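Using the numbering used here, you'd call the opening residue of the sequence shown number 80 and step up by one each time. See below for the structure under consideration.
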Amino acid sequence: MYWEQEIETLHRRSLEALQLKRLQQTVRLAHKNIPFYQKKFTELGTTPRDIVSLKDLQKLPFTSREDLRANYPFGMLAVPPEEVVRLHTSSGTTGKPKAIFFSKKDINQAAELIARCLIMTGTTKGDVLQNMMTYGLFTGALVMHYGAEKVGVLVIPAGPGNTQRQIALMQDFKSTTLHVTPSYALYLASVMHNEGIHPKRALSLRRAYLGSEPYSEETRNKIERFFGIDVYNSYGLSEMNGPGVAFECLEKNGMHLWEDSFILEIIDPETGVSVSDGEKGELVLTTLRREAMPILRYRTRDIVTIIPGRCRCGRTHRRISRIIGRSDDMIIIRGVNIFPQQIERILMGIKAVAQNYQIVLEAYDQMTVRVEISKDLFDGRVEHLVNLKNEITEKLRSEILVRPKVELLEPGTLPVSEGKSTRVIDKRTL
Ligand SMILES: [Zn+2]
């Protein structure tokens with residue numbers, strides 16, 4: 080039930096003492112070996128000796144992804160290059176990638192965190208994990224792979240796509256666990272549905288880990304129902320090792336963030352000031368154990384809240400909510416801040432809605448939500464379609480406070496992506 084029971088259930092006071100000790104080491108390392116941080120410390124008039132309590136975190140500089148890009152390729156490295164054993168990059172939609180370096184110790188520690196996550200959700204030796212994330216420069220697949228091997232799980236390095244082969248692998252090797260993006264899991268479900276494959280009868284699946292894209296609770300429920308499995312939320316980002324930063328336990332009520340390895344802060348993205356407990360804000364993370372590339376106060380751009388109270392599983396590491404939005408995904412329509420995930424949540428809660436949808440933004444802040452609906456609704460009865468359209472429009476309006484135009488489409492009209500899906504088409508010219 081635990082991979083490292085002592086550390087996972089450490090008393091808060093001891094956990095905080097450990098955080099402080101590791102923070103001081105991290106700050107000394109970053110200050111000594113990374114010119115970028117030396118410069119930042121000088122500008123702020125701070126030295127590593129000023130960090131005497133966890134509250135002093137606020138004296139430290141933030142790190143943005145622009146900082147990582149500006150220091151590409153080797154600028155953020157804190158060890159001699161020969162100590163690095165693995166390179167990953169994280170690419171955004173624009174500009175240079177960010178380089179992420181791992182020493183041998185870093186690889187091992189990232190795998191240890193994954194091992195905790197797997198054991199916490201019941202995956203253990205004897206399980207078969209079909210890893211449908213992209214292998215390569217992206218951290219998602221490899222970090223999970225190493226952690227699963229550490230636990231003794233058989234890992235099938237399937238990668239994404241090639242759906243027929245995925246189904247065959249699941250059948251032939253009796254995969255019990257999937258690591259997959261939510262959009263691909265939905266796609267897989269639709270293919271299996273069309274081919275008349277019943278996952279509960281034909282497969283041995285027990286659980287899935289979803290990651291790398293934001294998705295709603297309704298999407299989780301859909302995937303759980305179709306496959307007859309438990310789906311666990313996971314949170315990670317390449318800048319912080321990749322997957323395994325925070326993970327749900329069997330309670331499925333928020334993700335435990337491994338606080339012996341990261342310090343978490345929740346700030347107001349506009350002002351940079353910490354928000355009060357339970358309020359939503361941007362997650363900021365500081366690495367506590369990374370050797371090759373320590374990062375101080377990294378602005379993740381992910382909007383979350385802290386789930387209050389102790390978890391029934393006994394772990395003391397605090398839980399974060401699912402990602403409520405990304406501060407950059409935020410759409411502003413007629414002065415209202417909207418996250419695409421809010422729209423997804425509403426759509427996935429309506430039975431007649433199929434998996435695929437698109438949000439189109441046009442001149443004068445016109446918003447059209449294009450929705451594929453299930454086949455049964457095209458029965459030629461116009462009033463059904465009109466009622467559904469009104470229902471969707473009303474539900475969206477009450478959630479996002481803007482009345483969108485809703486367009487109903489036959490299934491298969493919108494492009495399907497097998498990897499990251501692009502849901503928002505912004506045609507506005509500013
Ligand atoms: Zn728990």
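Just so you know, even glycine gets a beta-carbon here, dropped at the ideal spot from N, CA and C. Quick caveat, the model's predicted, so the values are computed rather than measured.
Quiz item: What is the DSSP secondary structure of methionine 334, reduced to helix, strand or coil?
Solution: Residue state, collapsed to three classes: strand.
Quiz item: When we look at the beta-carbon of phenylalanine 153 and count the other beta-carbons within 10 Å, is it buried (16 or more) or exposed?
Solution: Exposed, since its Cβ has fewer than 16 Cβ neighbours within 10 Å.
Practice problem: Enumerate in chain order the residues of its own chain whose CB-to-CB distance from glutamine 188 is below 6 Å, with the five nearest sequence positions on each side excluded. | Solution: These residues qualify, in order along the chain: Arg368.
Exercise. Kindly indicate which residue of Leu136, Gly238, Thr200 has the alpha-carbon position closest to the one of arginine 394.
Key: Minimum Cα distance to arginine 394 is reached at Thr200.
Quiz prompt | At least 3 beta-carbon pairs within less than 8 Å: the region 382 to 398 vs the region 474 to 483 | solution = Taking a contact to require three or more Cβ pairs closer than 8 Å, the region 382 to 398 and the region 474 to 483 do not qualify as touching.
Exercise. Please name the residue, chosen from Pro127, Leu89, Met212, that lies closest to proline 236 on a Cα-to-Cα basis.
Key: Considering only Pro127, Leu89, Met212, the residue with the shortest C-alpha distance to proline 236 is Met212.
Quiz item: Per DSSP, what kind of secondary structure is aspartate 510 in: helix, strand or coil?
Solution: As shown, the chain starts at 80 and ends at 509. That puts residue 510 outside it, with no answer to give.
Quiz item: By the 10 Å Cβ neighbour count, where 16 or more other Cβ atoms means buried, how is lysine 499 classified, buried or exposed?
Solution: Its pLDDT being 49, under 50, lysine 499 is placed unreliably in this model, and the value from its coordinates should be taken loosely. When all chains shown are included, lysine 499 counts as exposed.
Quiz item: Enumerated in chain order, which unbroken segments of the alpha helix (DSSP H) with a length of 4 residues or greater are wholly contained in the region 251 to 302?
Solution: For the region 251 to 302, whole alpha helix (DSSP H) runs of length 4 or above, ordered along the chain, are 261 to 273, 278 to 281.
Quiz item: Helix, strand or coil: which one does DSSP assign to glycine 498?
Solution: Per-residue confidence for glycine 498 stands at a pLDDT of 49, beneath the threshold of 50, marking its modelled position as unreliable; the derived number appears in the next sentence. Looking at glycine 498 - three-state DSSP - the assignment turns out to be coil, as it is neither helix nor strand.
Practice problem: May I have the straight-line CA-CA distance separating glycine 360 from isoleucine 346, to the nearest angstrom? | Solution: When rounded, the separation of the alpha-carbon atoms in glycine 360 and isoleucine 346 is 5 Å.
Practice problem: Would you grab the beta carbon distance between isoleucine 412 and aspartate 444 for me? Rounded to a whole angstrom, and I think it's under 8 Å. | Solution: In this structure isoleucine 412 is in contact with aspartate 444, their Cβ atoms being roughly 5 Å apart against a cut-off of 8 Å.
Quiz item: Using the C-alpha atoms, what's the distance from threonine 218 back to methionine 249?
Solution: Methionine 249 and threonine 218: Cα-Cα distance of roughly 23 Å.
Exercise. Note down, in chain order, each residue of its chain lying with its Cβ closer than 6 Å to the Cβ of methionine 319, except the 5 sequence neighbours on either side.
Key: Leu364, listed in sequence order.
Exercise. Identify the continuous beta strand (DSSP E) that holds histidine 90 and give its terminal residues.
Key: Segment: none, histidine 90 is in no beta strand (DSSP E) and carries neither H nor E.
Quiz item: Expressed to the nearest angstrom, what Euclidean distance is found between the alpha-carbon atoms of tyrosine 311 and lysine 331?
Solution: Computed Cα separation, rounded: 7 Å.
Quiz item: In angstroms, rounded to a whole number, what distance separates the CA positions of arginine 101 and isoleucine 402?
Solution: The alpha-carbon atoms of arginine 101 and isoleucine 402 are separated by roughly 27 Å.
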